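Have a look at the structure below, then the notes.
Residue numbers (the numbering used here): 408 to 520.
In structure tokens:
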């Protein structure tokens with residue numbers, strides 16, 4: 408495995424982990440019951456920060472979804488670049504065929520369950 412391919416693989420894994428993190432945070436933050444959020448605010452520290460974020464849910468969800476979209480686009484572009492560089496032109500259609508299930512399973516479904 409040459410250095411360029413190794414770098415791309417590491418970057419791809421990092422971006423997939425970022426996507427999973429955004430998806431998991433969306434579910435975790437928006438599934439908190441209101442009484443728990445109030446208790447967290449009273450406790451202070453990180454709980455107070457989380458409560459402050461949830462005070463503006465539209466802004467929070469927009470930030471999470473935009474971040475997730477950016478890393479998903481970057482990971483798709485990176486994966487497509489690898490496919491274009493290492494496969495014959497007639498096999499370039501494989502990029503979306505493999506990338507879509509990878510993003511859905513490891514970037515969206517698994518982190519939310």
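Where a beta carbon is used, it is the ideal one built from N, C-alpha and C, also for glycine. Remember, it's a predicted structure, so these values are computed and weren't measured experimentally.
Taking only three categories from DSSP, how would you classify residue i?
i           : result
residue 463 : coil
residue 488 : helix
residue 409 : coil
residue 495 : coil
residue 426 : helix
residue 439 : coil
residue 451 : coil
residue 483 : helix
residue 470 : helix
residue 520 : coil
Go ahead and label residue i buried or exposed: buried means 16 or more other beta carbons lie within 10 angstroms of its beta carbon, across all protein chains shown.
i           : result
residue 518 : buried
residue 504 : exposed
residue 506 : buried
residue 514 : buried
residue 437 : exposed
For residue i, collect the residues of the same chain with a Cβ closer than 7 Å to its Cβ; drop the 5 residues on either side in sequence, then sort them by chain order.
i           : result
residue 458 : 444, 447, 448
residue 502 : 486, 487, 490
residue 432 : 471
Enumerate in chain order the residues of its own chain whose CB-to-CB distance from residue i is below 8 Å, with the five nearest sequence positions on each side excluded.
i           : result
residue 493 : 412
Can you find the residues in the same chain that come closer than 6 Å, C-beta to C-beta, to residue i, ignoring five residues on each side of it along the sequence?
i           : result
residue 460 : 467
residue 483 : 506
Open item on the list: Using a Cβ distance threshold of 8 Å, determine whether the segment 421-432 contacts the segment 467-481, with at least three qualifying pairs required.
Closed with: yes
Discussion item. For the segment 486-501 against the segment 459-476, do three or more pairs of beta-carbon atoms, one drawn from each stretch, fall closer than 8 Å, so that the two count as touching?
Written reply: no
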